[in-house]
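Note sheet for the following structure.
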Amino acid sequence: MVGEKYQVHRQMYEAMRGRDSPSARMVAGWLGGVFDAIESGRPIVYHSFALFSEVIVAMDLQPLCCEAWDMIASSVDPMHPARSIDTAHEAGIPPEMCSYDKAIIGSVLQETVPPPAMIALSATPCQNVYITYQAVAQLTGAPLHVSDIPYDLDERGAMEYWIGQYRDLISFLEEHSGRKMDYDRLREVVEESNRCVEYWLELLELQKLRPAPRSGPLWTGTYAGMTAFGLPSSTAAVKALLDRVKQDVAEGKTAVPDERIRVVWFHFPVGWDTGLIDWMGELGAAVPYVEMDGYHAEPVDTSSPESMIRGMARRALEVPMVKIAQGETGQYIEDLLYVVEQWHGDCAIIAGHPGCKWISSAYGLIRDACRERNVPVLLYDVDLVDFRVVSAEESRTRIGEFLQMVLEQRN
Amino acid sequence: MTALEDFGRVAASLDNPYIERWKHEGGKVVGYYCTYVPVELIHAAGMLPFRMRATGSKSTDLGDVYVSSSTCTFCRHSLDQAMRGAYGFLDGLVSLFSCDHIRRTYDVWKHGKVELPCSPFYFEFLSVPVKAEPANVRWLAGELDRFKRSLEEHFNVTITDEALARSIRLYNERRLLLRRLYEFRKRDAPPVSGAEVLEVLISATAMPPEEFNQVLRQALVELEGREGRSDYRARLLLGGVDLDDPGYVRLIEDLGGLVVADFLCFGIRDFWDMTDEDGEPLAALAKRYVSNVSCPRMIDRPGRQQFLDDLVKDYRVDGVLLQRMKYCDLWGGECAMTQWDLAKNGTPCMILEREYLMGPVGQMRTRVQAFLETIEGC
């Protein structure tokens, strides 16, 4: 039965599990878990990418991050997201919504994603996710839990409120699964995710080196966070990547040998233009930091159930996009400029994804702030998921002209 | 001038004679962008709450310097108006995370890109939950306490419990009067049009509530003696995004569709629910505002659909017309989900996309005409 449905992901699973690579084993482990859950009836919990999966894993429920489900499929079938998006459009979902989210709704409508028993949503980073997860709940009938986040996290009592919301998520999972949280198991899971984060932070530090050891998105970390956080397979995948990068650094290998310009890519990457980073490298541009990889999380104190809940709740606010989307534009700008400084960026590129109105509606403020700090910034509109909106040629022309301008200014 | 004509005059411009008089007498006006701002607190502080519109805007040239073309045209026009000094009567601005467009529009104000009408200008941003469970209500109550203190500090006033209780009663009275207005719409031949009701609701957000209630009482008397309209082709419910231009409703009604109910922010969502007058005022306000008939900023789809279904029954609606502004994600998704649900029970539904300003209306007229024909054919 599983073989008949979810063909694209099934192919992905078959391809991945045969590979001798920790990253492939991590992805295969996650997909295999989903297929096993379908067969065994183990409840599947949809969760937005802004919620890590540790509590779901610890309760032996199957996490399914909807954003990752569709992103991962495009590597096997580049048309998969486009078909899902078209299905959502046909159902009346407007084109200007986020294409990550439209793909999720389309996948549910097409039944190319297994149905959930429960849905867990963190009300961030934007309102497209509100729409999407409500639509999924409406289409599937699954119960939806929402963790509300205060707008300004530095405000009075905001963190305690958020922690309370996170604690409530555990109650929701217990109520709808009929299982109790095993805090000893949770401790194991969190200790594992702590190790994963530790390796990840070390990797991000190495990316500060000039020239940068890697350029562009570090997909391993993204999938570790989205799919298998707290499982040994994700820790192993990140550790393996870290070891390779360390070895490259020791051997003097760099991503862009003639690194003339360092770009901070302050958003998710253009997922469908897989050659973009290499092409930028040919122009002498390295991308040492992509916001998608920007976990700056602290380890969670595992000494008690309470300390774990508090720590996980805090860490959930450090998910890429979440921290920069929450609060007013000034916080976004502060984070952008911090990253530019820390990762020695010469400039920044911000891709104006159609769904991200919280960025595009702040273009003017971002531009002014960058000018004041003498940080060249390219704000350009491109769909990060749907290759049919802005062509690769058009996208690269904008980037190429910008990089040329930055180089000329430096010279 | 009749009372309804008075409301029509108020709705037709940003400023109005009531605001002019208020300002002339030394009163202060605080703008707000969203129905989730508890206006009772502003009123109890002795100020006039004014719901932000961009009525009279002609372009978005100045606003577009700071936001993008994918920001909704309401925000672009509103920002443009602000940069041109059209809100010269404001002494402050309150906002919240209504949507990604509005929160960034507020940021542009806050970051000093708008020449402020006065100094020091009051800014406040409220953190309003997206769901209405007890913990969320408690959070909002704390937030309203902070809001209250910030008003007191900035304007050097004291908001007493008595003043707040009076404001709550006053706004509840307004809500009851508006409910009486909506009762007229249930009739076979409603004596009031949808466009007129929208003018009333806009006026409710741009007049001192005491005077608004007085004029509305007069309007209700006038309506009792008015002949109703029975020559309509269909009874419609108009839902969707912020709509502050009665011209759109007139277009629909000129074609024979009578708007007898709505699901609008300048409409039923603004006034339907009452505030408990017996409870602790801030807690009562928190409960009322976060549990009110929700808009899509709240994660409450089943609640909204249930309310809409009840309206369809109570007002004997023949068809639901949902309108949304281009680039509005929230209403874009909400319209689709509402249409899915309405299709289940066979209620005709159409989604109209529009911009803030009424431009060429030929296409819209054709679509409404076709919708009315569909309903007549049902």
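Protein chains in written order, with my numbering: chain V, 159 to 569; chain Z, 267 to 644. Note that beta-carbon positions come from the ideal geometry of N, C-alpha and C, so glycine has one too.
In the three-state reduction of the DSSP assignment, L502/Z falls in the strand class.
Beta-bridge partners assigned by DSSP to E390/Z: V360/Z. In chain order, V295, G297 and P383 place their CB closer than 6 Å to the CB of L356/Z, counting only its own chain and leaving out the 5 sequence neighbours on each side.
In the structure shown, the three-state DSSP call for R200/V is coil. Any Cβ of chain V closer than 8 Å to the Cβ of R567/Z would place that residue at the interface, and such an atom is present. Between the alpha carbons of S469/Z and D281/Z lies a distance of about 11 Å. In the DSSP annotation of this structure, the continuous segment of the alpha helix (DSSP H) that includes I435/V starts and ends at L434 to E440. According to the DSSP assignment, A348/Z belongs to the alpha helix (DSSP H) that extends over T339 to M349. Note: I262/V is not bridge-paired with any residue in the DSSP secondary-structure output. Interface residue (Cβ-Cβ distance to chain V less than 8 Å): Q605/Z is classified as such. K414/Z has a beta carbon lying at 8 Å or more from every beta carbon in chain V. Around the beta carbon of Y496/V, fewer than 16 other beta carbons lie within 10 angstroms, which makes this residue exposed. Where W423/V is concerned, the enclosing beta strand (DSSP E) starts and stops at I419 to W423. Fully contained in the region 286 to 371 of chain V are the following beta strand (DSSP E) runs of length 3 or more, in chain order: 302 to 305.
At a cut-off of 8 Å between beta carbons, L362/V makes no contact with chain Z. In the pairwise beta carbon analysis, the region 537 to 548 of chain V is classified as not touching the region 440 to 448 of chain Z: fewer than three pairs are separated by under 8 Å. Three or more beta-carbon pairs drawn from the region 497 to 509 of chain V and the region 412 to 420 of chain V are found closer than 8 Å, and the two stretches are therefore classed as touching. The beta carbon of D244/V sits no closer than 8 Å to any beta carbon of chain Z. Residue burial is scored here from C-beta neighbours: G299/V has fewer than 16 other C-beta atoms within 10 angstroms and is therefore classed as exposed. The beta carbon of R435/Z sits closer than 7 Å to the beta carbons of E543 from its chain, once the five residues preceding and following it are set aside; these are given in chain order. Per DSSP, reduced to three states, the secondary structure at E269/V is coil, with no helix or strand assignment.
Straight-line measurement puts the Cα of R402/V at about 15 Å from the Cα of D178/V. Rounded to whole angstroms, the gap between the alpha carbons of R451/Z and R445/Z is 10 Å.
Within the same chain, Cβ atoms closer than 7 Å to the Cβ of Y319/V are found at P308, the five residues on either side in sequence being excluded. At a cut-off of 8 Å between beta carbons, Y521/V contacts chain Z.
A contact between stretches requires three or more CB pairs, one per stretch, nearer than 8 Å, and the region 579 to 591 of chain Z meets this requirement with the region 601 to 621 of chain Z. Here H290/Z is exposed, its C-beta having fewer than 16 other C-beta atoms within 10 Å. Secondary structure of D431/V (DSSP, three-state): coil. F389/Z sits away from K397/Z, with the two beta carbons spaced by 8 Å or more. The DSSP-derived three-state label of A443/V is strand. Out of E286/Z, P400/Z, T426/Z and C365/Z, the CA that lies nearest to the CA of L307/Z is found in T426/Z. Distance from the CA of Q169/V to the CA of V234/V, rounded to the nearest whole angstrom, comes to 8 Å.
Against chain V, the beta carbon of D366/Z has neighbours under 7 Å at C284, Q285, K515, W516 and S519, listed in chain order. Distance check between K260/V and each of S280/V, M229/V and P274/V places M229/V closest, using alpha-carbon atoms only.
By the neighbour-count criterion, in which a residue is buried when 16 or more other Cβ atoms sit within 10 angstroms of its Cβ, K397/V is buried.
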